[in-house]
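To keep things clear, I will list the structure first and then write my remarks on it.
In our numbering, the protein residues as written are 5 to 253.
Spelled out as structure tokens, the structure:
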């Protein structure tokens, strides 16, 4: 454990998806050093974890200062989360709306568990800033993505570990179109293309079908939100982006 807690280092929850890649760029633009953390919890779309190395390489290639800032990459295996969950993200079942008004892709406690493990790791690494892609503006209605939840977790973690953690959620109040725009503002069209080609968002883990916005089944809630945001982003910018021709994988 480090006895020195740094305000210059951030730990980014990095799944390999569009949102977390944008958050990674956001953190690299603001902190002197950035480490990342991914979770293997038995998710159907575990292919997202395999996308991270290409994203790391791509981000390093975009800007030399980002390459110099990017630090250790961590992965934690927490299969218990899937064992206690009966959801469409952890079971091979059809995605549908539940009787409680939430999609059955909601994994109860997931972000609470993620943030707790992230804070524990940050404590050991001497990090006080934790960055996550939670958003309640353009999302599936998950209660653990709400700003109120994140603020409560920040208080609980800081009290419970006797360290003042700051939880940053740069996407909380923007929609998916604005998320694409933020990526462009941070890393230019190079970052936008990197996200389109190498990030993964599809809940079903599909990497075969190619779309303007990237790879995915094109029908699950995650793909639908990403595609809608892409269309609005392109329409708002008046751009015609090139078609990606490489194979998915």
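Yeah, the Cβ is synthetic: ideal placement off N, Cα and C, and Gly gets one too.
Residue 44 sits in a strand when the DSSP states are folded into three classes. The distance from the Cβ of residue 137 to that of residue 44 is about 17 Å, inconsistent with a contact at the 8 Å cut-off.
Residue environment: residue 152 is assigned as exposed (fewer than 16 neighbouring CB atoms within 10 Å of its CB, all protein chains considered).
At the C-beta level, residue 227 and residue 233 stay beyond 7 Å of one another. Straight through space, the alpha carbons of residue 82 and residue 125 are spaced by roughly 14 Å. When the Cα atoms are used, residue 58 and residue 199 turn out to be separated by approximately 10 Å.
Cα atoms of residue 75 and residue 159: separation of roughly 27 Å, rounded to the nearest angstrom.
Shortest Cα-Cα distance from residue 162 to any of 38, 217, 120 and 208 involves 120. A contact between stretches requires three or more CB pairs, one per stretch, nearer than 8 Å, and the segment 30-46 meets this requirement with the segment 13-20. The three-state secondary structure of residue 81, taken from DSSP, is strand.
In the structure shown, the three-state DSSP call for residue 166 is coil.
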